[in-house]
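Protein chains in written order, with my numbering: chain A, 6 to 454; chain B, -18 to 133.
Using N, Cα and C, we set each Cβ at its ideal position, and we do this for glycine too.
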Amino acid sequence: MVIAAALLFGLLFWVVDGLVDYYKYREHVRFLIFKAPENILDSLFLNVSTPDLFARITLMATCLIAGSLLARLLHRQMESAEALRASEIRYRRLHESMRDAFVQMDMQGRITDCNTAFAQMLGRSMAQLRTMHQEDLTPEMWRALEARIIQEQVVPGGKSDVYEKELIRDDGSILPVELRTFLITDEGGHPMAMWAIVRDISERKRGEREREAALAALKRSNEDLQRFAYVASHDLQEPLRMVSSYTSLLAERYAAQLDDQARKYIRYAVDGALRMQTLIRDLLTLSRVETRGAGLQTVEAGPALNKAIANLKAMIDETGAKISNDPLPRVQADEAQMTAVFQNLMHNSLKFRRATPPHIHVSAAADREAGGWRFAVQDDGIGIDAQYADKIFVIFKRLHTQAEYPGTGIGLALCKRIIERHRGRIWLESVPGQGTTFYFTLPAAPIGD
Amino acid sequence: MLEATATKPVDILLVEDNPGDVDLARDALEDGKINNRLHVVTDGEAAMAFLRKQAQYQQAPRPDLILLDLNLPKKDGIEVLAEIKGDDSLKRIPVVILTTSQAEEDILKSYNLHANCYLTKPLHVGQFFSLVKSIESFWLSIVVLPPHGDPQ
């Protein structure tokens, strides 16, 4: 390129110079043409004085250099124009291929540009959009908010936080979107235009609505359950009281007319009624694990254990039991429910003891798999046969008669329900005749608490 | 205190729909040391009619103590309590809630409406008798009951 231009200039000069020469030296030329000289060089520079020649060469060189510089300038211009065009093409391609929608508007909100994604999002043509005002696309209720965001964030700060609004599609349907609006300023820093990247969040909104609906349904269901539990237990208690009270009175007031057999019958009736009452109370307690459960918080396991021990004081003293524990960690739990778990497990350990005063030891180890702590309540009681290891967590399932060991069989079902509410696991290991260890996991308290 | 109860019988209004519990209460109160007359109504509306001396209760005496069950047909115990404690001429009469319910909401509601105390009926009949006797002895011989004068 450069060389060609240089040569062109050189040639141009040569021609001009030649013409001038011809004019000046036409006689010589005529002489040259009609009479061939011995020396070409001589003929070329015939009768040209040295200064003249020097000037001529300088001028020629200058033109060559000027030519090449001009050529380079032109080339560079062409190159950058080329580059600009290439970049423009790249940008436009990106613009159009972006999934996210792009829209640009002037400071009054008139749309000046947008990409295919934006047009598709709204089911309109790009041409149509370029004639519209962004207010035409925004439902009434969002306009004040958006105006405030533009005033308070975009104009002073150059960009807004991500905010949500809705857009109106061509068919009139509403599209929930989230967007961020940016400011374009001129060289003087004055607001010139705005642009925004808009994202369709209808999927997310639908998910949120569904989740809210599910939550509401769950809440309603919980409330229903609680109401049912309350009413059921309340209404069931009264007839039971009647049965137990009047059969007892019968036994008392008509003792003279009753033989041993009759008294035994009455005793069974009364016992049955009383047990029924306890069962109803237990069911209520179980149902309250969820409905009355407090939120999970950072709780020290040590004090929760101590509370359980205090609650069992009478039984501990009576059996001469010895309770020991290792240092216990902090967990994420409902404190009252945690105490209930310790209490139920230890109550069982005390109840199902061997002849000698029972020993109970409570410890904890980190359980990385469960993401928390594994507690152990170990006793030296009568133990549990392996085949019943799962059954005993089933509500009301017992392994002994009432005469052997009284109880409703709810303690472990309650523990299981509570631990499951904390997303943990509960299980046991036991050797019949030697003792049992109950294990349960609880989530660790968050770091920094 | 003791001299006052020896002469004039104390009027007790029992608001209870369960005849079994009525008989138990009657038994327990008759057994007691204090001279008392037990009046029984079996629902909330009758209770208010009795207290306001309306309909068939025009000759009804003003009770010195009200034993109130919560679980009543028509108007329930909480509504009756609210009406009694909201009525200037009736609010001084001590109201003892005597019910099967141990629900926290019932306890709270009752005390919020100024019930004088809340008792749950025990399971064993023996304990029930002791309870009624305790009520009798506390409210009728230990406590000084308000005089019957005009409302303030």
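Worksheet entry | Met281(A): CB within 7 angstroms of a non-hydrogen atom of the ligand ADP | In the structure on display, the ligand ADP does not appear, and there are no ligands present to speak of.
Practice prompt. Could you tell me which residues DSSP pairs with Glu305(A) in its beta bridges?
Written response: As a working note, residue 305(A) is residue 300 in the first sequence. Bridge partners of Glu305(A) according to DSSP: Arg335(A).
Worksheet item: What first and last residue would you give for the beta strand (DSSP E) that runs through Arg153(A)?
Response: Walking along the first sequence from the start, residue 153(A) turns up at place 148. First-last for Arg153(A): 145 to 154, but that is the alpha helix (DSSP H), not the beta strand (DSSP E).
Discussion item. If you reduce the DSSP assignment to three classes, tell me which class Gly162(A) lands in.
Written reply: If you number the first sequence from 1, residue 162(A) lands on position 157. Helix at Gly162(A).
Worksheet item: Roughly how many whole angstroms lie between the Cα atoms of Leu433(A) and Phe398(A)?
Response: Counting from 1 along the first sequence, the entry for residue 433(A) is found at position 428. Counting from 1 along the first sequence, the entry for residue 398(A) is found at position 393. Distance between the alpha carbons of Leu433(A) and Phe398(A) is about 10 angstroms.
Discussion item. Taking 8 angstroms as the cut-off, does the stretch 135 to 154 of chain A touch the stretch 226 to 239 of chain A (at least 3 CB pairs, one atom from each stretch)?
Written reply: Proximity of the stretch 226 to 239 of chain A to the stretch 135 to 154 of chain A falls short of the contact definition, fewer than three beta-carbon pairs being nearer than 8 angstroms.
Worksheet item: On the three-state DSSP scale, how would you describe Asn52(B)?
Response: Here the question's residue 52(B) lines up with position 71 in the second sequence. Correct three-state label for Asn52(B): coil.
Item to complete: Could you name the residues of chain B that Gln242(A) contacts, counting a contact when the two beta carbons are closer than 7 angstroms?
Response: Reading the first sequence from its first residue, position 237 is the one you call residue 242(A). Under the 7 angstroms cutoff, chain B gives Thr81.
Worksheet item: Shorter than 8 angstroms from the beta carbon of Gln282(A) to some beta carbon of chain B?
Response: Taking the first residue of the first sequence as position 1, residue 282(A) is located at position 277. Interface residue, yes.
Discussion item. Tell me which residues of the stretch 111 to 141 of chain A have at least one Cβ-Cβ distance to chain B shorter than 9 angstroms, keeping chain order.
Written reply: Of all residues in the stretch 111 to 141 of chain A, none has a C-beta nearer than 9 angstroms to a C-beta of chain B.
Worksheet item: Is the stretch 312 to 322 of chain A touching the stretch 346 to 353 of chain A, taking contact as three or more C-beta pairs under 8 angstroms?
Response: The answer is yes - the stretch 346 to 353 of chain A touches the stretch 312 to 322 of chain A, with three or more Cβ pairs under 8 angstroms.
Worksheet item: With 8 angstroms set as the bound, which would you pick, yes or no: does the beta-carbon of Leu419(A) sit closer than that to a beta-carbon of chain B?
Response: Position 414 of the first sequence, counted from the start, is the residue given in the question as residue 419(A). By this cut-off, Leu419(A) is not an interface position.
Discussion item. Tell me whether the stretch 88 to 101 of chain A and the stretch 193 to 209 of chain A touch, counting them as touching only if at least three CB pairs, one residue from each stretch, are closer than 8 angstroms.
Written reply: They do not touch, by the three-pair rule.
Fill in: 7 angstroms CB neighbourhood of Ser115(B) in its chain, flanking five on each side removed
One-based indexing of the second sequence puts residue 115(B) at position 134. Nothing meets the Cβ criterion.
Worksheet item: Which of the three DSSP states, helix, strand or coil, is assigned to Ala(-15)(B)?
Response: Here residue -15(B) refers to the residue found at position 4 when the second sequence is read from its first residue. Note that Ala(-15)(B) has pLDDT 46, beneath the 50 cutoff, so the model's placement of it is unreliable and no number is given.
Worksheet item: Which two residues bound the contiguous alpha helix (DSSP H) that contains Pro244(A)?
Response: Taking the first residue of the first sequence as position 1, residue 244(A) is located at position 239. Run containing Pro244(A): 207 to 258, per the alpha helix (DSSP H) assignment.
Discussion item. By DSSP's criteria, Asp111(A) is part of a beta bridge. Which residues make up the other side?
Written reply: Translated into the one-based positions of the first sequence, residue 111(A) becomes position 106. Beta-bridge pairing links Asp111(A) to Ala198(A).
Practice prompt. For Leu279(A), go through chain B and note every residue whose CB falls closer than 7 angstroms to its CB, in chain order.
Written response: Counting from 1 along the first sequence, the entry for residue 279(A) is found at position 274. Residues of chain B passing the Cβ test: Leu104.
Worksheet item: Of the residues Arg297(A), Arg379(A), Leu13(A), Leu355(A), which one's Cα is nearest the Cα of Gln337(A)?
Response: On the first sequence, residue 337(A) is found 332 positions in, with the first residue counted as 1. For Gln337(A), the closest C-alpha among the options Arg297(A), Arg379(A), Leu13(A), Leu355(A) is that of Arg379(A).
Practice prompt. State yes or no: is the C-beta of Met199(A) within less than 8 angstroms of the C-beta of Met126(A)?
Written response: Taking the first residue of the first sequence as 1, we reach residue 199(A) at position 194. Taking the first residue of the first sequence as 1, we reach residue 126(A) at position 121. Annotated as distal: Met199(A) and Met126(A), with beta-carbon spacing of 8 angstroms or more.
Worksheet item: In chain A, which residues lie less than 7 angstroms from Leu5(B) when you measure between Cβ atoms?
Response: Taking the first residue of the second sequence as position 1, residue 5(B) is located at position 24. Contact of Leu5(B) with chain A by beta-carbon distance below 7 angstroms involves Ser250.
Worksheet item: Among residues of its own chain, excluding the 5 on either side of Gln383(A), which ones have a beta-carbon nearer than 6 angstroms to its beta-carbon?
Response: As a working mapping, residue 383(A) is identified with position 378 in the first sequence. His366, Thr442, listed in sequence order.
Worksheet item: Which residues bound the beta strand (DSSP E) around Leu79(B)?
Response: Taking the second sequence and counting its residues from 1, the one referred to as residue 79(B) is at position 98. Segment 76 to 80, the beta strand (DSSP E) holding Leu79(B).
Worksheet item: Measuring CA to CA, which of Ser435(A), Gly440(A), Arg422(A) is closest to Pro362(A)?
Response: On the first sequence, residue 362(A) is found 357 positions in, with the first residue counted as 1. The shortest Cα separation from Pro362(A) among Ser435(A), Gly440(A), Arg422(A) belongs to Gly440(A).
Practice prompt. Give the DSSP bridge partners of Thr101(B), in chain order.
Written response: Taking the first residue of the second sequence as position 1, residue 101(B) is located at position 120. BP columns for Thr101(B) point to Thr80(B).
Item to complete: Kindly indicate which residue of Asn93(B), Leu89(B), Asp45(B) has the alpha-carbon position closest to the one of Ser70(B).
Response: The residue labelled residue 70(B) in the question sits at position 89 within the second sequence. With distances taken between Cα atoms, Ser70(B) lies closest to Asp45(B).
Discussion item. Please classify Lys269(A) as buried or exposed, where buried requires at least 16 other C-beta atoms within 10 Å of its C-beta.
Written reply: Counted from its first residue, the first sequence places residue 269(A) at position 264. The residue is exposed, with fewer than 16 neighbouring Cβ atoms inside 10 Å.
Fill in: Buried/exposed call for Asn120(A), threshold 16 Cβ in 10 Å
By one-based count along the first sequence, residue 120(A) stands at place 115. Residue burial is scored here from C-beta neighbours: Asn120(A) has at least 16 other C-beta atoms within 10 angstroms and is therefore classed as buried.
Worksheet item: Mind checking if Arg174(A) is an interface residue toward chain B, Cβ cutoff 8 angstroms exclusive?
Response: Position 169 of the first sequence holds residue 174(A). Arg174(A) does not count as touching chain B.
Worksheet item: CA-CA distance, Leu74(A) and His100(A)?
Response: Taking the first sequence and counting its residues from 1, one reaches residue 74(A) at position 69. Taking the first sequence and counting its residues from 1, one reaches residue 100(A) at position 95. Counting only the Cα atoms, His100(A) lies some 38 angstroms from Leu74(A).
Item to complete: Classify Tyr92(B) as buried or exposed, calling it buried when 16 or more other Cβ atoms lie within 10 Å of its own Cβ.
Response: Translated into the one-based positions of the second sequence, residue 92(B) becomes position 111. So Tyr92(B) ends up on the exposed side.
Worksheet item: How about Tyr235(A): is its C-beta nearer than 8 angstroms to some C-beta of chain B?
Response: Taking the first sequence and counting its residues from 1, one reaches residue 235(A) at position 230. Answer yes: the Cβ-Cβ gap between Tyr235(A) and chain B drops below 8 angstroms somewhere.
Worksheet item: Can you tell which of Pro75(B), Gly67(B), Pro0(B), Asp8(B) has the C-alpha that lies nearest to the C-alpha of Asp128(B)?
Response: Translated into positions along the second sequence, residue 128(B) becomes position 147. One detail in the question is off: residue 128(B) reads as Pro in this sequence, not Asp. It is Pro75(B) whose Cα lies nearest to the Cα of Pro128(B).
Discussion item. My output table needs one value for Lys402(A): the three-state DSSP class, helix, strand or coil.
Written reply: Looking up residue 402(A) in the first sequence gives position 397. Of the three classes helix, strand and coil, the one that applies to Lys402(A) here is coil, per DSSP.
Worksheet item: My guess is that Asp25(B) and Asp57(B) are in contact by the Cβ rule of under 8 angstroms, so how many angstroms apart are they, rounded?
Response: Locating residue 25(B) in the second sequence gives position 44, counting from the first residue. Locating residue 57(B) in the second sequence gives position 76, counting from the first residue. Checking the displayed sequence, the identity of residue 25(B) turns out to be Gly instead of Asp. The C-beta separation of Gly25(B) from Asp57(B) comes to about 6 angstroms, placing the pair in contact by the 8 angstroms criterion.
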